[in-house]
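Just so it is clear: in the sequence shown, position 149 is 167 by my numbering, and no numbers are missing.
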Amino acid sequence: MELKFKVNGQEIFLQVNPNDSLLYILRDRLHLTGTKNGCSAGHCGACVVIMNEEAVKSCLQKAKRLNNAEIITIEGLTPKEPSGELHPIQQAFIDATAIQCGFCTPGYIMELYGLFLRNPEASLDEIKVALEGHLCRCTGFKPILEAAVLAQQYLNKK
Numbered sequence: 019m020e021l022k023f024k025v026n027g028q029e030i031f032l033q034v035n036p037n038d039s040l041l042y043i044l045r046d047r048l049h050l051t052g053t054k055n056g057c058s059a060g061h062c063g064a065c066v067v068i069m070n071e072e073a074v075k076s077c078l079q080k081a082k083r084l085n086n087a088e089i090i091t092i093e094g095l096t097p098k099e100p101s102g103e104l105h106p107i108q109q110a111f112i113d114a115t116a117i118q119c120g121f122c123t124p125g126y127i128m129e130l131y132g133l134f135l136r137n138p139e140a141s142l143d144e145i146k147v148a149l150e151g152h153l154c155r156c157t158g159f160k161p162i163l164e165a166a167v168l169a170q171q172y173l174n175k176k
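So this is what it looks like as structure tokens:
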């Protein structure tokens, strides 16, 4: 099938199998490798991207559902110039020392991006609920939760 959608603001036209996952399309067809494949079953959260302003697990999204969708990946939050600033959520993860190996980090950042897009004033409990579908084996949950709260503060100062 021919697929037409936007990724990080760029219009994409691709021939795909209707059952290809968005994760496969992003990583293997578009070479956007910031989105990680941790489990291929929607359990780890490493593959979270924003689809039509909602955080979704890209390993569970099939191509047949993507026509005219707007996707934002972690690459979409990265500055386009070397002197550019990081997105406030990315900066918060650095400032809170919430990054170890970094494998899970893009999924956490995109989950928080989706949450704060919908609800900039999310409560601590709402943040915890949003992040509970993610796994991290390096830092543990405390620094990640601290990064989430710090990110919310950074975003609300803008």
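Note that the Cβ used here is the ideal one computed from N, Cα and C, for glycine as well.
Within the region 102-167, the runs of alpha helix (DSSP H) that reach at least 4 residues and sit entirely inside it are, in chain order, 106-113, 123-136 and 142-149.
The continuous stretches of beta strand (DSSP E) do not include GLU71, and DSSP gives it neither H nor E.
Between GLU71 and the set VAL25, LEU21, PRO161 and LEU142, the nearest pair of CA atoms involves VAL25.
For ALA148, the CB contacts under 6 Å within the same chain, skipping 5 residues up- and downstream, are GLU129 and LEU133 in chain order.
With a cut-off of 8 Å on Cβ pairs, the region 52-64 is in contact with the region 108-125, counting three or more such pairs.
For VAL25, the uninterrupted beta strand (DSSP E) segment begins and ends at 20-25. Annotation: the continuous beta strand (DSSP E) that includes LEU32 extends over 28-33. A Cβ-Cβ contact shorter than 8 Å links THR157 with GLN118. Taking ARG47 as reference, the option from ALA81, MET69, ALA59 and LYS75 with the minimal CA-CA separation is ALA81. According to the DSSP assignment, GLU99 belongs to no beta strand (DSSP E), since it is labelled neither H nor E. The C-alpha of ASN37 is placed about 32 Å away from the C-alpha of ASN137.
Residue environment for LYS75: buried (at least 16 other C-beta atoms within 10 angstroms of its C-beta).
Taken atom to atom, the span from the alpha-carbon of ILE30 to that of MET69 is near 14 Å.
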